[in-house]
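So the sequence lines, in the order shown, correspond to chains Z and H. Remember, the numbering used here sits 291 above the position in the first sequence when you count from 1. Remember, the numbering used here sits 23 above the position in the second sequence when you count from 1. The structure appears right after this line, and notes come after that.
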Amino acid sequence: MHSLARTLNSARTRGYIYQALILGGVAVVGWFLVSNTLDNLERRGVATGFAFLSREASFEIGESLIPFSAADTYLRAFIVGLLNTLTVSAVGVLLASVLGLAVGIARLSSNWIVSRMAAAFVEIVRNIPLLLQLIVWYTIIGKLPGPRDALEPLPDVFLTNRGLKLPWPQEDPAHGLILAAAAVGIVGAFIVARWARRRRETTGQRFPTPYAVAGLALGLPGLAFIAAGMPLVWDVPRLQGFNFAGGVTLTPEFAALLVGLSVYTAGFIAEIVRSGILSVPHGQTEAGLALGLKPGQILRLIILPQALRVIVPPLTSQYLNLTKNSSLAVAIGYPDLVSISNTTANQTGQVIEMVSMMMAVYLVVSLAISAFMNWRNQRAALVTR
Amino acid sequence: MKTLISAALLAVAALPAAAVAGTTLDAVKQKGYLQCGVNLGLYGFSAPDEKGKWSGLDVDVCRAVAAAVFGDAEKVKYTPLSAQQRLPALQSGEIDLLARNTTRTLSRDTANGLNFAPINFYDGQAFMVSAKLGLKSAKELNGATICVLPGTTTEQNVADYFRANKMQFKPVVIEKNEEMHKAFFSGRCDAISSDSSQLAGIRAAEAPNPADYVILPEQVSKEPLAPAVRQGDEEWTNLITWTVYAMIQAEELGLNSGNIDAAAASPNPDVKRFVGATPGNGKALGVEENWAFNIVKQVGNYGESFERNVGAQSKLKLARGVNGLHTAGGLMYSPPLK
């Protein structure tokens, strides 16, 4: 008895008991919600389950990376939406990072006009709601002329309120070979860069890495292209009926969403970059100058690598935000995951199923980004040799 | 995102909702008002005026039900709903009645757990294009870009029509009405597709110059719009059903808001049953005997409601057409109220 009381009194045991209680409580609430929902749906005669996913979608989607028609299934439509979301997020993350880095550095510039302009940019874009910005971008693009009075800034490139039409190479069996060569080249470039760095770290010998990388990544597919007999026929956009046919189209919806997301997120990233750079003591710059490095080299070799440690964690949440914000696409008509899930939910009435699928997908995507950034952060962390 | 909230409501509000199953009428009487789900703003069907007072053909159904239950058409609270929100809102018990230009379909009647009242407007989906294009028929729309509103049967109907006619199109699907209309009027799309009554409304209210736009003659779908309630409450379904019929019956009998007071003394047995001078109908439905009298007195008959909201007296100027009484070649027909 005495020992039991002592065990119960120990902070450790009590800690376990409390944690078990909390876990149990959460489980009970979760179970209650799920079973109650199912109960209610059944009582109201609402069909549940995911069987509807294999039924014919019978609606069209404006833009898709994979072939899609109204005869395909709801599941395929969902995948089209997911791919659209991933595309706009991936390109958006890239653009936002480049723009954010540039603005963040510009804001620390000793040139008064450059730094003020960067500051103004940041304050404007991050203090106006994203939805409004998206609608503004979309409206601006909508003011472009119609297909019949299209602008032609470059030969065979057309700018209209239906989007930007670009010539595109016609498909050719040799293109697969060229792509494969490019893949091999890129992988080879990575291996060479790694080997060169290791050699420099151990022996101090330098290797012309940039040239080797460029040679591999561009040269290999170039060689394959020449070897295949230069199979390149351009598919040129031509006005036909209501609109341009041929070539590829950058739709106004995609463009507005991409620009809106990138600019908005770049405002936040700029501030993160600025704080990261300011966190590196000025002595580092002075030491670099004393060693005779040029300002660009100091930024690239000394400041940024150290600043990254401060930058990466908040940057992760900006990337997550951008991905999640892409769901605002529904307001301007880009067929993203949410837009297509909404259509599906309405046609089938399976709202709860679609909402849970959307939540699960966003969760997985966000966790994946998070995991990647954490891995990146570990690599950027201080290594002692 | 309100879809999410409604879905969450369905999960959380489980117990109270389950408790009222089968007794919506009692619950409505107890709280003293009708919670009616309507469109966010569709001219002629349900739209608030500058003072926030709702009016429209669908709003009149809400008001008629309130008149039947409380004898006061004003005892309605409106829940404006998007197309996506409407079904979860009804299923979760957030609203008592959905009068929001909802098309009656088999799957909504079955898998989605709804019961429909009689159709209060026969609509059909059509295309509107700029008159400058010089189109005469929807069959000439091959290759067109078409603006559609999501969350309705609209997207599916357009896809079906184009597939059936072996034509191609590109949809632009924008969730917000105003943004979608703006996209169409700015030339993003060649055509806009919606129910023809809605197209007439959009053209009247939002086009820079209504004469520049034409509605193509093809109706690509049947859109019988009807009020809906949850399955499993026969008493409530009956009341809504006969409220809609009462408005049609009143028009058949020649009763309107102007002459209904005088008609109370009529010797016609149909009229006597209608106004409650011969009792029975009210008791059967669980409301006061003068329920139908109150509907006509406060809301009017179906024809009055039609002309006021979407017909000659409105900006839409729709003809009665198929929405006329059966005696005038239309589809409106009420079974006898006895």
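Even glycine gets a Cβ: it sits at the ideal position worked out from N, Cα and C. Every value quoted in this text rests on a predicted model; they were computed, and no experiment measured them.
Boundaries of the alpha helix (DSSP H) around G467 (chain Z): 465 to 494.
The beta carbon of E198 (chain H) falls within 8 Å of a beta carbon belonging to chain Z, placing the residue at that interface. Among the residues of the segment 531 to 557 of chain Z, those with a Cβ less than 8 Å away from any Cβ of chain H are Q531, G532, F533, N534, A536, P543, E544, in the order of the chain. A straight line joining the alpha-carbon of L339 (chain H) with that of K159 (chain H) spans about 22 Å.
Residue environment for W322 (chain Z): exposed (fewer than 16 other C-beta atoms within 10 angstroms of its C-beta).
The beta carbon of D235 (chain H) sits no closer than 8 Å to any beta carbon of chain Z. Ranked by Cα distance from F185 (chain H), the first of H:V195, H:L110, H:A167, H:T176 is H:A167.
The distance from the Cβ of S209 (chain H) to that of G433 (chain Z) is about 4 Å, consistent with a contact at the 8 Å cut-off.
Legend: CB atoms of the segment 103 to 117 of chain H lying less than 7 Å from CB atoms of chain Z belong to residues A106, Q107, L110, P111, Q114. In the structure shown, L445 (chain Z) falls within a strand segment according to DSSP collapsed to helix, strand and coil. Here DSSP, grouped into helix, strand and coil, assigns Y66 (chain H) to coil.
Residue burial is scored here from C-beta neighbours: I623 (chain Z) has at least 16 other C-beta atoms within 10 angstroms and is therefore classed as buried.
With respect to chain H, the C-beta atom of K615 (chain Z) has no partner C-beta closer than 8 Å.
Looking only at Z:M521, Z:A581, Z:P543, Z:G579, the smallest Cα-Cα distance to P464 (chain Z) is reached by Z:M521.
Between A651 (chain Z) and chain H, the shortest Cβ-Cβ separation is not below 8 Å.
Scanning the segment 196 to 255 of chain H for uninterrupted beta strand (DSSP E) segments of 3 residues or longer gives 214 to 218, 236 to 238, 246 to 248, 251 to 253, listed from N- to C-terminal end. Here R667 (chain Z) has V603 as same chain residues with Cβ atoms under 7 Å from its own Cβ, once five neighbours each way along the sequence are excluded.
Contact annotation: L121 (chain H) and P247 (chain H) have beta-carbon atoms that are not nearer than 8 Å.
Using a CB distance below 8 Å, the part of the segment 190 to 219 of chain H facing chain Z consists of F192, K193, P194, V195, V196, I197, E198, K199, E202, M203, K205, A206, S209, G210, R211, D213, ordered along the chain. At least 8 Å separates the CB of K456 (chain Z) from every CB of chain H. With a threshold of 8 Å between beta carbons, F350 (chain Z) makes contact with chain H.
Contacts between S130 (chain H) and chain Z, judged by CB atoms closer than 8 Å, involve T639, G640 in chain order. Selection Z:A362, Z:L332, Z:G353 evaluated against S345 (chain Z) yields Z:A362 as nearest (Cα-Cα). For A302 (chain Z), the enclosing alpha helix (DSSP H) starts and ends at 302 to 334. The DSSP-derived three-state label of F341 (chain Z) is coil. Taking a Cβ-Cβ cut-off of 9 Å, G395 (chain Z) has no neighbours in chain H, whose nearest Cβ is about 32 Å from it.
By the criterion of a C-beta distance shorter than 8 Å, L455 (chain Z) is surrounded in its chain by V448, F449, T540, L541, A546, once the five residues flanking it on both sides are discounted. DSSP places I169 (chain H) within a strand segment (E or B) once states are collapsed to three. In the structure shown, G454 (chain Z) adopts extended strand secondary structure according to DSSP, grouped into three states.
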